[in-house]
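Here the protein sequences line up with chains C and U, keeping their order.
Residue numbering for the first sequence follows the working numbering, starting at 89 and increasing by one per position.
Residue numbering for the second sequence follows the working numbering, starting at 89 and increasing by one per position.
Just so it is clear, CB atoms sit at the ideal spot from N, CA and C, and this is done for glycine as well.
Below you'll find the structure, written out as structure tokens, and then a few comments.
Protein chains: 2
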Amino acid sequence: MNAPTPAAQQVVQVIPLVMRAIGKRLRQKNDMPSPAHFGILFMLSNETMNLSDLARQHSVSLPTMSNSVSTLVQHGLVARRRAAHDRRQVVIEVTDAGRAMLKTVLDEVVAYVDEVLASLSQGELDQLQKGLSVLKSAFLTPGG
Amino acid sequence: MNAPTPAAQQVVQVIPLVMRAIGKRLRQKNDMPSPAHFGILFMLSNETMNLSDLARQHSVSLPTMSNSVSTLVQHGLVARRRAAHDRRQVVIEVTDAGRAMLKTVLDEVVAYVDEVLASLSQGELDQLQKGLSVLKSAFLTPGG
DNA sequence: CCATATAATTAGCCGGGCTAACCATTAGCC
DNA sequence: GGCTAATGGTTAGCCCGGCTAATTATATGG
Chain C
89 MNAPTPAAQQ
99 VVQVIPLVMR
109 AIGKRLRQKN
119 DMPSPAHFGI
129 LFMLSNETMN
139 LSDLARQHSV
149 SLPTMSNSVS
159 TLVQHGLVAR
169 RRAAHDRRQV
179 VIEVTDAGRA
189 MLKTVLDEVV
199 AYVDEVLASL
209 SQGELDQLQK
219 GLSVLKSAFL
229 TPGG
Chain U
89 MNAPTPAAQQ
99 VVQVIPLVMR
109 AIGKRLRQKN
119 DMPSPAHFGI
129 LFMLSNETMN
139 LSDLARQHSV
149 SLPTMSNSVS
159 TLVQHGLVAR
169 RRAAHDRRQV
179 VIEVTDAGRA
189 MLKTVLDEVV
199 AYVDEVLASL
209 SQGELDQLQK
219 GLSVLKSAFL
229 TPGG
């Protein structure tokens, strides 16, 4: 094994830190979905998907995604629909309520992050943005 | 509310993505602790703490931390000890097994991240590192 | 037309989050 | 000294989110 890059070590250190802080903020607000639900709504807001695709993209097993979707359906945030071209598949769609919830939570989280980032200079913000772009591209390529 | 910075939007988008990918990798390996346990071990590896401090730093409630520590104790990774100066407090210490586990997991996760980052150029790695430094400093200051 | 593969659900388990209620200890104050 | 907080932890009871194994429904292919 090659020596780990400083960047990798930093990813391991910083990402969980940020994640916990955001998770804490979400838990503090009532009626906020869990981070997992948030991620599902966010994915579905761009395009509807069937369960399997959703599970794969979200890096969880199919039963787990089925359960999460059931919870979301109970809360009225998404809806199940049989696919016409293949009646085995279930397509998940975000409801209006789900879209509203997503916007609320997105605003809340972004506002919180903005609050945390408020102490940074414009130069630091640029650095942050560039760094995250790199990280995103790395984890979006196959294998990430 | 001011317009959200692009940096904040990117944080919201990228951090959960990376977190899920790392979580998936951890779940795939047997005998790997959950991300939460990993975080606890990591914190304790530098300094022993009592339960309350641990809960606060980890952004969870005291009962939650007590439960997590119980699980870790059952697995032999940490040990509880009454503080001599204040017998109400419980100090948590990492066992040798815990330290070994932490090293194993750290190596595993860092290796995985390195693998994902392998496609990046040195310049991109530098950008990533700088960006994460900024992010870390923002979330480590009070309020983060 | 039957066998197999694929999509999804259900059941059963565990970890991790919470609040409320409780016990043990310390600190403060008359 | 001896009450009365205040502080630190644990326990109980709840829910969500992970997993695997087993089941059902639909497609597909020989």
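Please classify residue i: does DSSP put it in a helix, a strand, or coil?
i: C/R187; result: helix
i: C/E203; result: helix
i: U/E181; result: strand
i: C/R168; result: strand
i: U/S209; result: coil
i: C/D174; result: coil
Taking buried to mean at least 16 other C-beta atoms within 10 Å of its own C-beta, is residue i buried or exposed?
i: C/S156; result: buried
i: C/D195; result: exposed
i: U/P151; result: exposed
i: C/R175; result: exposed
i: U/Q215; result: buried
i: U/D202; result: buried
i: U/R108; result: buried
i: C/G211; result: exposed
i: U/L228; result: exposed
i: C/A96; result: buried
i: U/G164; result: exposed
Hey, does residue i have any beta-carbon neighbour from chain U nearer than 7 angstroms?
i: C/G186; result: no
i: C/R108; result: yes
i: C/I103; result: yes
i: C/P94; result: yes
i: C/K191; result: no
i: C/Q210; result: no
i: C/D174; result: no
i: C/V182; result: no
i: C/L132; result: no
i: C/A226; result: yes
i: C/L205; result: yes
Would you mind giving the Cβ-Cβ distance between residue i and residue j, rounded to the nearest angstrom? I have them listed as a contact below 8 angstroms.
i: U/Q98; j: C/Q217; result: 6 angstroms
i: C/I103; j: U/I103; result: 6 angstroms
i: C/P94; j: C/G111; result: 26 angstroms between Cβ atoms; not a contact.
i: C/L208; j: U/A226; result: 6 angstroms
i: U/T183; j: U/V166; result: 6 angstroms
i: U/V161; j: U/R169; result: About 11 angstroms separates the two Cβ atoms, so there is no contact after all.
i: U/M153; j: U/A143; result: 4 angstroms
i: C/V197; j: C/L114; result: 7 angstroms
Counting only beta-carbon separations shorter than 7 angstroms, does residue i have a partner in chain C?
i: U/S156; result: no
i: U/S122; result: no
i: U/G164; result: no
i: U/Q233; result: Because chain U is modelled from 89 through 232, residue 233 of chain U falls outside the range shown and cannot be assessed.
i: U/V100; result: yes
Every unbroken alpha helix (DSSP H) within the segment 108-155 of chain C, with a cutoff of 4 residues, ordered by chain: 123-134 and 139-145
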